[in-house]
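K.L.:
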DNA sequence: GGCCTACTTGCAAACGATTTGCAAATGGAC
DNA sequence: GTCCATTTGCAAATCGTTTGCAAGTAGGCC
Ligand SMILES: [Mn+2]
Ligand SMILES: [Mn+2]
Ligand SMILES: [Zn+2]
Ligand SMILES: [Zn+2]
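Protein chains in written order, with the numbering used here: chain C, 145 to 304; chain U, 145 to 304.
Given below as structure tokens:
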């Protein structure tokens, strides 16, 4: 995972004890597991699965079930977003102010999901009128096709 | 399931033996189970799950595994589209010419998924340039919120 | 500091939609 | 009819996710 944002989930937060402050701000207890999970999330960006976060944690930090429960908590508190992949696997991403909601690209060939930050056309940001009177709260836009990586490989194979 | 289209999956098709013709057109064998499944699909519209289709079939038509295999075939042949719900469940819908790709609305409260036919703004039909050079082949747009049905119930409760 | 209670955790078992292996049945070409 | 690839039912496996529960812990209070 690569770094993109610096604990900006809560505006005007000091550098020290960020994890603890974030946890307190959502009324959750500060436990070693949660602090380590937040710190690990801090060092990464993009989409990740519960499994992936679990593997990135220092050995023995938390059980996989605990990771799932923590991610569900973050989603409930709007500190993370949940994306269901086509394969039914749950992906998460932090919802800090530097990482607003954005479209994703899912590769049909390799299955990888890319974040498309800052590429949503202006017009797409306004929800269209919903003809059946539903109360729209959010949109998710997912493009599908063949990613640049896989396109490259296919070209290479074609040459051989 | 409600009726919306009349075997228009294949242009200029006669009314008789439609199911058989459709199956032949995709190079699949014409079996009783497949014909009945197509006929059942014909009598419905909107999203459905493998389970739902299975329950709508005449008793003993096909095993649930067969339904799954048939739906996978239809998707492979572009006669059906597959949508993964937030809950990870697979939904299908027929991709006949009267039922082009469209956005969906998923209710956070009751979980129901609505088809939003003909409400996609013109601008949304043109894929935005994909900054990372991926080959975009399709878009899926899913709105989320509270459906009109649930909104009504909530209002009613508020009054009491 | 100790006490108390509600919240957290690890563990293992359950879950449930979907997939798969396999042997028997059958479609369709000849 | 013969033959072979395709299709099927059945039951078991899959696997990411959820859950029950007993033991552990955070943090408010005195
Ligand atoms: Mn993203
Ligand atoms: Mn639809
Ligand atoms: Zn790819
Ligand atoms: Zn609803």
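Note that beta-carbon positions come from the ideal geometry of N, C-alpha and C, so glycine has one too. All values derive from a computational prediction rather than experimental measurement.
(1) Out of curiosity, what's the CA-to-CA distance linking residue 161 of chain C and residue 203 of chain C?
(2) Near residue 184 of chain C, what residues of its chain come up, given a Cβ to Cβ distance below 7 Å and the 5 sequence neighbours on each side ignored?
(3) Between C/221, C/262, C/237, C/174, which lies nearest to residue 193 of chain C when the distance is taken from Cα to Cα?
(4) From residue 312 of chain C to residue 211 of chain C, what distance separates their C-alpha atoms?
(5) Should residue 288 of chain C be listed as close to ligand 3, given that the test is whether its C-beta is under 7 Å from any heavy atom?
(6) Leaving out five residues on either side along the sequence, give the residues of the same chain with a beta carbon under 6 Å from the beta carbon of residue 285 of chain C.
(7) Could you tell me how far apart the beta carbons of residue 225 of chain C and residue 239 of chain C are, in whole angstroms, since I believe they sit closer than 8 Å?
(8) Starting from the Cα of residue 230 of chain C, find the closest Cα among C/251, C/243, C/218 and give me that residue.
(9) If we ignore side chains and look at the alpha-carbon of each, how far apart do residue 257 of chain C and residue 304 of chain U end up?
(10) Which residues of chain C have a Cβ atom closer than 8 Å to the Cβ of residue 288 of chain U, listed in chain order?
(11) Is residue 259 of chain C near ligand 4, going by C-beta to nearest heavy atom under 7 Å?
(12) Report the option in U/232, U/234, U/223 whose CA atom is closest to the CA atom of residue 244 of chain U.
(13) Residues in the same chain with beta-carbon distance under 7 Å from residue 302 of chain C, minus the five sequence neighbours each way, listed in chain order, please.
(14) Taking only beta-carbon atoms, is residue 230 of chain U less than 8 Å away from chain C?
(15) Apart from the five residues on each side of it in sequence, which residues of its chain come closer than 8 Å, Cβ to Cβ, to residue 294 of chain U?
(16) In this structure, does DSSP put residue 213 of chain C in helix, strand or coil?
(17) Output the boundary residues of the alpha helix (DSSP H) element that contains residue 279 of chain U.
(18) Tell me whether residue 198 of chain U sits in a helix, a strand or coil according to DSSP, three-state version.
(19) State the DSSP-derived secondary structure class of residue 161 of chain C, mapped to helix, strand or coil.
(20) Evaluate residue 289 of chain C with the Cβ neighbour count: other Cβ atoms within 10 Å of its Cβ, from every protein chain shown; 16 or more gives buried, anything less gives exposed.
(21) Please list the terminal residues of the continuous alpha helix (DSSP H) segment that includes residue 186 of chain C.
(22) In chain U, which residues lie with their C-beta within 7 Å of the C-beta of residue 277 of chain C?
(23) At what residues does the beta strand (DSSP E) containing residue 248 of chain C begin and finish?
P.N.:
For this structure:
(1) Residue 161 of chain C sits at position 17 when you count from the first residue of the first chain. Residue 203 of chain C sits at position 59 when you count from the first residue of the first chain. If I take the Cα positions, the gap works out to 22 Å.
(2) Counting from 1 along the first chain, the entry for residue 184 of chain C is found at position 40. Cβ contact annotation for residue 184 of chain C (same chain, cutoff 7 Å, sequence separation greater than five): 197, 200, 201, in chain order.
(3) Taking the first chain and counting its residues from 1, one reaches residue 193 of chain C at position 49. Looking at the Cα atoms, C/237 is the closest of the given residues.
(4) What is shown of chain C runs 145 to 304, which leaves residue 312 of chain C out entirely.
(5) Start at 1 with the first residue of the first chain, and residue 288 of chain C comes out as number 144. Every heavy atom of ligand 3 is 7 Å or more from the Cβ of residue 288 of chain C, so no.
(6) Position 141 of the first chain, counting from 1, holds the residue named residue 285 of chain C. Same-chain partners within the cutoff: 247.
(7) Against the first chain, residue 225 of chain C aligns to sequence position 81. Against the first chain, residue 239 of chain C aligns to sequence position 95. Right, their Cβ atoms sit about 5 Å apart.
(8) Mapped onto the first chain, residue 230 of chain C falls at position 86. Closest by alpha carbon: C/251.
(9) The count along the first chain starts at 1 and reaches residue 257 of chain C at position 113. The count along the second chain starts at 1 and reaches residue 304 of chain U at position 160. Roughly 46 Å between the two C-alpha positions.
(10) As a working mapping, residue 288 of chain U is identified with position 144 in the second chain. Those are 280, 281, 282, 283, 284, listed as they occur along chain C.
(11) In the first chain, the residue the question calls residue 259 of chain C occupies position 115. No - ligand 4 has no heavy atom lying nearer than 7 Å to the Cβ of residue 259 of chain C.
(12) What you label residue 244 of chain U is simply residue 100 of the second chain in a count that begins at 1. Closest option to residue 244 of chain U, Cα to Cα, is U/223.
(13) In the first chain, the residue the question calls residue 302 of chain C occupies position 158. Contacts found: none.
(14) Residue 230 of chain U sits at position 86 when you count from the first residue of the second chain. Answer yes: the Cβ-Cβ gap between residue 230 of chain U and chain C drops below 8 Å somewhere.
(15) Taking the second chain and counting its residues from 1, the one referred to as residue 294 of chain U is at position 150. Correct list, in chain order: 251, 253, 254.
(16) Mapped onto the first chain, residue 213 of chain C falls at position 69. Residue 213 of chain C: helix per DSSP, three-state reduction.
(17) Your numbering for residue 279 of chain U matches position 135 in the second chain. Segment 279 to 290 is the beta strand (DSSP E) holding residue 279 of chain U; no alpha helix (DSSP H) there.
(18) Within the second chain, numbered from 1, the residue matching residue 198 of chain U stands at position 54. Reduced to three states, the DSSP call for residue 198 of chain U is helix.
(19) In the first chain, residue 161 of chain C corresponds to position 17, counting from 1. The answer is coil: DSSP assigns residue 161 of chain C none of H, G, I, E or B.
(20) For the purposes of this step, residue 289 of chain C is identified with residue 145 of the first chain, where counting begins at 1. Its Cβ being crowded by 16 or more others within 10 Å, residue 289 of chain C is buried.
(21) Your numbering for residue 186 of chain C matches position 42 in the first chain. It spans 176 to 186 - the alpha helix (DSSP H) in which residue 186 of chain C sits, taken as one unbroken run.
(22) As a first step, residue 277 of chain C must be located in the first chain, where it is residue number 133. The contacting residues are 292.
(23) Translated into the one-based positions of the first chain, residue 248 of chain C becomes position 104. From DSSP, the beta strand (DSSP E) with residue 248 of chain C extends over 248 to 251.
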